[in-house]
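**Student:** Following this message is one structure expressed as structure tokens.
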Amino acid sequence: ADVPAAWLAEEVRLTDIVESCGAVVPRRRRIETVDGVEMMITERIAGASMLLRALADPVEAHELGQRLAHIQLELTAVPVSFALPSQHDRLASKIRRTAMRHGDEWMAAIDLIPDHADAELVVCHGDLHPRNVIMAESRDVIVDWFDTSRGQLAADVVRSLILLDDSIGEFADDEAARPALMAFRRGYEEAVLALTGFEPGDLEPWWIVQRVARLSEGIGLDRRASFAEALAGAINRR
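Using the numbering used here, the final residue of the sequence shown is 238, and nothing's skipped along the way.
This is the structure in structure tokens:
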């Protein structure tokens with residue numbers, strides 16, 4: 001009920017765009033009002049989220065992490081629509097929200113967003129983690145396209161790694177879930193580095209940018225001091 005109706009319309013619009021590009025998304029999207037609340041209705045997908053699959057079978061978790069990397073790389077093969085928002089603009093907007101809520105000093109992170117003038121731009125999900133992949137019998141369906149953009153793959157990879165790290169922290173006290181998620185993350189990182197040929201230096205510039213952007217979502221506030229230190233270090237190294 002706290003999601004503005006305009007956000008739903010925007011998610012439908014963005015999902016329409018990535019579907020037209022060739023991404024596998026929930027079909028038959030529409031907005032309806034149910035008990036006075038506007039909702040996005042889609043096809044019902046018969047399957048479990050990748051997260052539930054990983055938690056149900058920790059032995060399989062490492063392999064599922066690799067599968068997520070393949071899904072992410074498959075997105076780079078679909079044509080990029082310039083109707084999608086700019087990744088740079090999305091990150092800058094989130095950093096501005098972080099600064100509005102937590103102090104002007106965070107605005108410096110905008111200047112650290114790597115230039116994309118000569119970079120290859122691909123379809124980036126923007127929030128790709130195992131909760132947002134539904135494993136149906138014949139296809140893996142990606143949901144929650146609200147943060148999608150045209151941008152650099154390295155930024156999307158770092159965002160996914162951060163989401164996985166935060167998920168591990170979320171299940172810190174769960175003796176069964178934490179090892180499964182750690183195995184999932186290892187599988188994802190190993191596969192994505194092997195598939196892309198990225199070196200740590202290719203990803204490093206995006207870490208503090210994505211972390212500051214994530215603060216706008218209220219995630220990581222307990223680690224603001226360490227992020228502020230990392231931001232200051234990145235600025236000094238420029």
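Just so it is clear, CB atoms sit at the ideal spot from N, CA and C, and this is done for glycine as well.
From the DSSP secondary-structure annotation, give me the bridge partner or partners of Thr33.
**Tutor:** Glu38
**Student:** Should Thr98 and His125 be called a contact, given that it needs their Cβ atoms to be closer than 8 angstroms?
**Tutor:** Their beta carbons are not under 8 angstroms apart, which means Thr98 does not touch His125 by this criterion.
**Student:** Report buried or exposed for Val122, applying the criterion of at least 16 other Cβ atoms within 10 angstroms of its Cβ.
**Tutor:** buried
**Student:** How big is the Cα-Cα spacing for Ala108 and Gly233?
**Tutor:** 12 angstroms
**Student:** Should the region 137-154 be regarded as contacting the region 42-52, the criterion being three or more beta carbon pairs within less than 8 angstroms?
**Tutor:** yes
**Student:** Comparing alpha-carbon positions, which option in Val133, Ala56, Glu120, Pro200 lies nearest Val80?
**Tutor:** Ranking the options by Cα distance to Val80, first place goes to Glu120.
**Student:** Could you tell me which residues DSSP pairs with Ala61 in its beta bridges?
**Tutor:** The partner list for Ala61 (beta bridge, DSSP) is empty, contrary to what the question assumes.
**Student:** If Ala213 sits next to Leu91, beta carbons under 8 angstroms apart, how far is it from one beta carbon to the other, in whole angstroms?
**Tutor:** 5 angstroms
**Student:** If we ignore side chains and look at the alpha-carbon of each, how far apart do Ala230 and Ile168 end up?
**Tutor:** 21 angstroms
**Student:** To the nearest angstrom, how far is the alpha carbon of Pro130 from that of Ala69?
**Tutor:** 11 angstroms
**Student:** Measuring CB to CB, does Ser86 end up less than 8 angstroms from Arg13?
**Tutor:** no
**Student:** Could you have a look at Gly22 and say whether DSSP puts it in helix, strand or coil?
**Tutor:** coil
**Student:** Under a three-way DSSP split, which group does Gly233 fall into?
**Tutor:** helix
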